[in-house]
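One structure is given below, encoded as structure tokens.
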Amino acid sequence: MTILEKLLNYEKNNKNKTINLVLDADALNLISENPKLFEKIENRAVLTPHIVEFSRLSGLPSEDILLDKFTKAKEFAKKYKVILLLKGKNTIITDGNKLFVNSTGNSHMANGGMGDCLTGIITSLVAQNYNLIESACIGAFLHGYIGDELTKKQYIVNASHVTENISKYMKEIFEM
1 MTILEKLLNY
11 EKNNKNKTIN
21 LVLDADALNL
31 ISENPKLFEK
41 IENRAVLTPH
51 IVEFSRLSGL
61 PSEDILLDKF
71 TKAKEFAKKY
81 KVILLLKGKN
91 TIITDGNKLF
101 VNSTGNSHMA
111 NGGMGDCLTG
121 IITSLVAQNY
131 NLIESACIGA
141 FLHGYIGDEL
151 TKKQYIVNAS
161 HVTENISKYM
171 KEIFEM
């Protein structure tokens with residue numbers, strides 16, 4: 001049994017509250033190799049794949065996903081009872097019923113660690129008791145918005161630039 005499988009067995013905390021999850025990168029790869037793990041994350045997970053990771057998770061070729069990513073994302077989220085945040089230009093967030101498209105973010109952010117940064121922001125929002133879809137939507141917007149604002153002053157935006165500016169731009173956004 002992998003470490004991930006052991007961790008996923010913990011569905012409730014010591015106060016009997018559901019343990020929500022934000023899964024990215026290697027966790028997604030492990031789930032794609034062991035689809036029975038989907039049962040352990042139903043109704044309590046945000047998955048944050050890019051197209052190639054989503055292809056592995058869904059078993060669909062990337063080309064097919066790109067032909068109709070809105071439908072493919074909704075069908076997947078509904079089937080596995082997860083929140084899917086499909087990263088890329090115009091990131092898609094869906095629970096299988098509702099679908100949101102995030103238009104913030106830019107190509108200057110396409111570098112190592114950005115997915116981890118996004119996952120951390122979403123996880124922080126989940127820990128602050130936002131529900132999963134709110135956390136994914138706010139997190140994607142905030143992450144991209146910070147990148148957009150920083151790109152006005154600098155050419156490259158990396159994950160540390162984003163994390164150093166979370167508080168500043170959260171304050172700005174929440175006070176709008």
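Read in order, the letters of the sequence shown are residues 1 to 176 in the UniProt record's numbering.
All C-beta atoms, glycine included, are put in the ideal place defined by N, C-alpha and C.
Residue nearest to residue i in terms of C-alpha spacing, selected from the options
i, options, result
"Glu39", "His50, Lys15, Leu8, Lys69", "Leu8"
"Cys137", "Val101, Ser62, Pro35, Asn129", "Val101"
"Tyr145", "Asn131, Leu132, Val162", "Val162"
Contacts around residue i, its chain only, beta-carbon distance under 6 Å, and the 5 residues preceding and following it disregarded
i, result
"Asn111", "Asn158"
"Gly105", "Gly144, Gly147"
Beta-carbon proximity list for residue i, same chain, < 7 Å, skipping 5 on both sides
i, result
"Tyr155", "His108"
"Gly139", "Leu118, Ile121, Ile122, Leu125"
Rounded C-alpha distance that separates residue i from residue j
i, j, result
"Val82", "Glu164", "30 Å"
"Gly88", "Leu47", "14 Å"
"Thr71", "Lys17", "32 Å"
"Ile173", "Thr151", "17 Å"
"Tyr169", "Glu149", "9 Å"
"Leu28", "Lys153", "34 Å"
Cβ-based neighbour list, residue i, same chain, cut-off 8 Å, excluding 5 preceding and 5 following
i, result
"Asp64", "Lys72"
CB of residue i within 8 Å of CB of residue j, strictly
i, j, result
"Gly113", "Ala25", "no"
"Ile19", "Glu11", "yes"
"Ile51", "Leu21", "no"
>> Please give the ranges of any alpha helix (DSSP H) in the region 73–129, keeping only runs that are unbroken, at least 4 residues long and fully inside the region.
In response: 114–127
>> Quick check for students: name the residue ranges of the beta strand (DSSP E) that lie wholly in the region 16–74, counting only runs of 3 or more.
In response: Here the runs fully enclosed are 21–23, 45–47.
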